[in-house]
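Novice: Just add 193 to the spot in the sequence shown (first one is 1) and you have my numbering.
Let me give you the structure first, and then I'll get to my questions.
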Amino acid sequence: MTEFRHAADPAWPGERVRLYGPEFNHDPGALYAAIREEYGPVAPILLDGDIPAWFVSGYREMHRITSDSQLFARDTRRWNEWDRVPADWPLLPYVAHNPSVMFTEGPEHRRRAGAISDALAAVDQFELGAHCERIADRLVDAFAGTGEADLVTQYALRIPLLAVAKMYGMPEAETPALVRDVAISLDVGPDAMNAHLRVQSAMRALVAHKRDFPGADVPSQLLRSGLSEEEIVQDLLVVTAAAQQPTANWIGNTIRLMLTDLRFAMTLSGGRGSVGQALNEVLWHDTPTQNFIGRFATRDTQLGGQRVRAGDLLVMGLAAANSDPLVRQEVTPGSLGNHAHMSFGHGEHGCPYPAPEVAEVIARTTIEVLLDRLPDLALAVPAEALVWRPSVWMRGLESLPVSFTPTYVAGDLGSATTGAW
194 MTEFRHAADP
204 AWPGERVRLY
214 GPEFNHDPGA
224 LYAAIREEYG
234 PVAPILLDGD
244 IPAWFVSGYR
254 EMHRITSDSQ
264 LFARDTRRWN
274 EWDRVPADWP
284 LLPYVAHNPS
294 VMFTEGPEHR
304 RRAGAISDAL
314 AAVDQFELGA
324 HCERIADRLV
334 DAFAGTGEAD
344 LVTQYALRIP
354 LLAVAKMYGM
364 PEAETPALVR
374 DVAISLDVGP
384 DAMNAHLRVQ
394 SAMRALVAHK
404 RDFPGADVPS
414 QLLRSGLSEE
424 EIVQDLLVVT
434 AAAQQPTANW
444 IGNTIRLMLT
454 DLRFAMTLSG
464 GRGSVGQALN
474 EVLWHDTPTQ
484 NFIGRFATRD
494 TQLGGQRVRA
504 GDLLVMGLAA
514 ANSDPLVRQE
524 VTPGSLGNHA
534 HMSFGHGEHG
544 CPYPAPEVAE
554 VIARTTIEVL
564 LDRLPDLALA
574 VPAEALVWRP
584 SVWMRGLESL
594 PVSFTPTYVA
604 GDLGSATTGA
614 W
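Pasting the structure below:
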């Protein structure tokens with residue numbers, strides 16, 4: 194069985210598993226299985242700095258906490274461990290309360306989430322797909338003649354925010370700075386907070402512009418919904434962050450699957466028939482968002498055989514729930530139509546409709562263009578040499594080096610790069 198580190202906490206009975214460290218970088222799936230085997234569907238854990246919480250790995254238990262927003266609430270101010278959290282805690286961005294839709298509850302949450310859903314529903318998905326094709330073509334143009342590329346840094350990471358900028362009605366000249374700052378803000382680095390402030394400033398300027406010059410875009414739709422400008426700024430930040438890294442990882446993880454699994458490699462020349470299956474399989478087996486903080490018990494309760502106290506934090510093990518043997522036996526490699534995974538969450542605080550559809554349009558189009566343009570695409574390194582980013586929370590590759598037959602594109606490749614990036 195996979196080994197994991199235990200630790201005792203005098204404030205909590207029994208031993209707890211440290212949900213951080215190098216064990217997760219190598220094989221998180223095996224670790225989730227080991228935790229479930231020893232503790233069951235709800236396990237006592239320690240987060241960075243040995244802050245106690247619960248890890249929910251059972252599919253049924255996950256369904257319960259996401260379905261009952263009154264007992265398992267979202268407002269992080271309910272947490273009973275705030276007095277133990279240092280000011281420089283690395284997970285503070287996940288739990289620090291802010292006035293965005295992420296932390297609202299009840300009627301207020303339904304008002305805010307409903308406005309986001311309506312704004313996203315107004316997006317023309319056919320037009321979005323056509324725009325993603327143009328973005329993808331220009332990015333491929335930039336490296337098609339070289340015969341090699343890193344499909345994470347040169348492709349997957351670049352497309353989602355370029356698509357979002359289009360949905361926001363942002364001028365193309367402002368897009369490169371937004372892409373750069375969002376990438377920095379989502380990383381754990383010295384300039385992350387400054388980058389976040391720059392993104393916030395950009396969203397505030399965008400909303401002010403759309404107030405005076407509305408259009409057929411998401412910010413203008415939100416302004417028509419009656420939300421305040423500050424509410425819209427905060428919620429656009431949430432949508433932007435949710436669209437970037439998870440979608441980029443979804444793209445990268447799916448391309449990896451199609452290049453390493455013979456079921457897909459045999460159909461790469463056609464591509465289109467298997468992209469949808471590969472996208473769905475990744476959500477079950479290598480979902481971009483592995484774990485999520487979280488839910489907070491509003492009163493003492495029982496969950497998965499554990500006594501949960503009022504104010505306790507429950508970490509949502511999305512990937513672990515997807516691999517729960519109780520449901521995994523019903524998921525086969527060919528189960529294209531089974532979308533009962535927890536990758537987009539569930540319930541009132543799940544990813545608002547139609548955000549998953551919009552993300553799939555971006556991901557599917559991105560991959561289809563790549564396979565159409567470079568039909569003999571192949572990994573440039575052994576599959577086992579690929580390195581996953583060191584994160585307990587996200588599942589994505591550091592790089593995805595590939596090789597292919599060079600295809601020379603007419604015109605100035607430099608200007609093509611500038612136009613896309």
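For glycine and all other residues, C-beta sits at the position ideal for the given N, C-alpha and C.
Give me the residue from Asn446, Ala533, Phe489 and His290 with the minimum Cα distance to Val468.
Specialist: Position 275 of the sequence shown holds residue 468. The option with the nearest alpha carbon to Val468 is Asn446.
Novice: What would DSSP say about Phe457, mapped onto helix, strand or coil?
Specialist: Looking up residue 457 in the sequence shown gives position 264. Note: Phe457 maps to helix in three-state DSSP.
Novice: Would you call the region 313 to 320 in contact with the region 565 to 582, where contact means no fewer than 3 C-beta pairs closer than 8 Å?
Specialist: no
Novice: Quick check on this structure: which residue in Arg557, Glu474 and Glu298 has the alpha carbon closest to the alpha carbon of Thr491?
Specialist: Position 298 of the sequence shown holds residue 491. Considering only alpha carbons, the answer is Glu298.
Novice: Does DSSP put Asp311 in a helix, a strand or coil?
Specialist: The count along the sequence shown starts at 1 and reaches residue 311 at position 118. Reduced to three states, the DSSP call for Asp311 is helix.
Novice: Would you report the Cα separation of His324 and Ala356, rounded to the nearest angstrom?
Specialist: As a position in the sequence shown, residue 324 is number 131, starting the count at 1. As a position in the sequence shown, residue 356 is number 163, starting the count at 1. Using only the alpha carbons, I get a separation of about 7 Å.
Novice: Cutting at 8 Å between CB atoms, please list the residues of its own chain near Val602, excluding the five before and the five after it.
Specialist: As a position in the sequence shown, residue 602 is number 409, starting the count at 1. So the list reads Asp334, Ala337, Gly338 and Ala609, once near-sequence residues are dropped.
Novice: Tell me the DSSP bridge mates of Ser596?
Specialist: Start at 1 with the first residue of the sequence shown, and residue 596 comes out as number 403. BP columns for Ser596 point to Glu341 and Ala571.
Novice: For Leu506, name the three-state secondary structure that DSSP assigns.
Specialist: The sequence position of residue 506 within the sequence shown is 313, counting from 1. Leu506 carries a strand assignment under DSSP once its states are collapsed to helix, strand and coil.
Novice: With 16 as the cutoff for other CB atoms within 10 Å, does Asp220 come out buried or exposed?
Specialist: The residue given as residue 220 occupies position 27 in the sequence shown. Under this definition Asp220 is an exposed residue.
Novice: Roughly how many angstroms lie between the CA atoms of Asp493 and Gln499, to the nearest whole one?
Specialist: The sequence position of residue 493 within the sequence shown is 300, counting from 1. The sequence position of residue 499 within the sequence shown is 306, counting from 1. So the two alpha carbons sit approximately 11 Å from each other.
Novice: CA-CA distance, Met386 and Gln393?
Specialist: Within the sequence shown, the letter at position 193 stands for residue 386. Within the sequence shown, the letter at position 200 stands for residue 393. In this structure, the alpha-carbon of Met386 lies about 10 Å from that of Gln393.
Novice: Have a look at the DSSP bridge pairing and note the partners of Trp477.
Specialist: Within the sequence shown, numbered from 1, the residue matching residue 477 stands at position 284. DSSP output for Trp477 lists no bridge partner at all.
Novice: Kindly indicate which three-state DSSP category Thr269 falls into: helix, strand or coil?
Specialist: Here residue 269 refers to the residue found at position 76 of the sequence shown. Thr269: helix per DSSP, three-state reduction.
Novice: Quick one, which of Thr368, Ser516 and Asp479 has its alpha-carbon nearest Tyr252's?
Specialist: By one-based count along the sequence shown, residue 252 stands at place 59. Comparing alpha-carbon positions, the option among Thr368, Ser516 and Asp479 lying closest to Tyr252 turns out to be Ser516.
Novice: Is Ser608 helix, strand or coil when you go by DSSP?
Specialist: On the sequence shown, residue 608 is found 415 positions in, with the first residue counted as 1. At Ser608 the pLDDT is 38, less than 50, meaning the model places this residue with poor confidence; the figure from the coordinates comes in the next sentence. It is helical.
Novice: Just to confirm before moving on: does the CB-CB distance between Val520 and Gln437 stay below 7 Å?
Specialist: The count along the sequence shown starts at 1 and reaches residue 520 at position 327. The count along the sequence shown starts at 1 and reaches residue 437 at position 244. Going by beta carbons, Val520 and Gln437 fall outside the 7 Å limit.
Novice: Looking at the secondary structure, which residues open and close the beta strand (DSSP E) in which Asn484 lies?
Specialist: By one-based count along the sequence shown, residue 484 stands at place 291. Counting along the chain, the unbroken beta strand (DSSP E) around Asn484 starts and ends at Asn484 to Ala490.
Novice: Sort Ala409, Asn484 and Phe597 by Cα distance to Phe248 and report the nearest one.
Specialist: Residue mapping note: residue 248 aligns to position 55 of the sequence shown, counting from 1. Out of Ala409, Asn484 and Phe597, Asn484 has the C-alpha closest to the C-alpha of Phe248.
Novice: Sorted by chain position, which residues of the same chain lie with C-beta nearer than 8 Å to Lys359's C-beta, five sequence neighbours on each side aside?
Specialist: If you number the sequence shown from 1, residue 359 lands on position 166. Only Leu321 and His324 meet the Cβ criterion.
Novice: Out of Glu422, Ile377, Val562 and Ser378, which has the shortest C-alpha to C-alpha gap to Ala398?
Specialist: Taking the sequence shown and counting its residues from 1, one reaches residue 398 at position 205. Residue Glu422 is the option with its Cα nearest to Ala398.
Novice: Taking the CB atoms as reference points, tell me whether Asp410 and Ile309 lie closer together than 7 Å.
Specialist: Numbered from 1 along the sequence shown, position 217 holds the residue referred to as residue 410. Numbered from 1 along the sequence shown, position 116 holds the residue referred to as residue 309. For Asp410 and Ile309, no; Cβs fall outside 7 Å.
Novice: Once you ignore the five residues that flank Ala349 on each side, which residues in its own chain have a CB closer than 8 Å to its CB?
Specialist: Start at 1 with the first residue of the sequence shown, and residue 349 comes out as number 156. Contacts found: Ala441, Asn442, Ile444, Gly445, Ile448, Thr559 and Leu593.
Novice: Take Ala168 and list the residues in its own chain whose beta-carbon comes closer than 7 Å to its own, dropping the five residues that flank it on each side.
Specialist: A question about residue 168 goes unanswered here, because the residues of the chain that appear run from 194 up to 614.
Novice: Taking only three categories from DSSP, how would you classify Ala533?
Specialist: To locate residue 533, count along the sequence shown from 1; it is residue 340. Ala533 falls in the coil class under three-state DSSP.
Novice: Taking buried to mean at least 16 other C-beta atoms within 10 Å of its own C-beta, is Asp505 buried or exposed?
Specialist: One-based indexing of the sequence shown puts residue 505 at position 312. A residue is called buried once 16 or more other Cβ atoms fall within 10 Å of its Cβ, and Asp505 is buried on that count.
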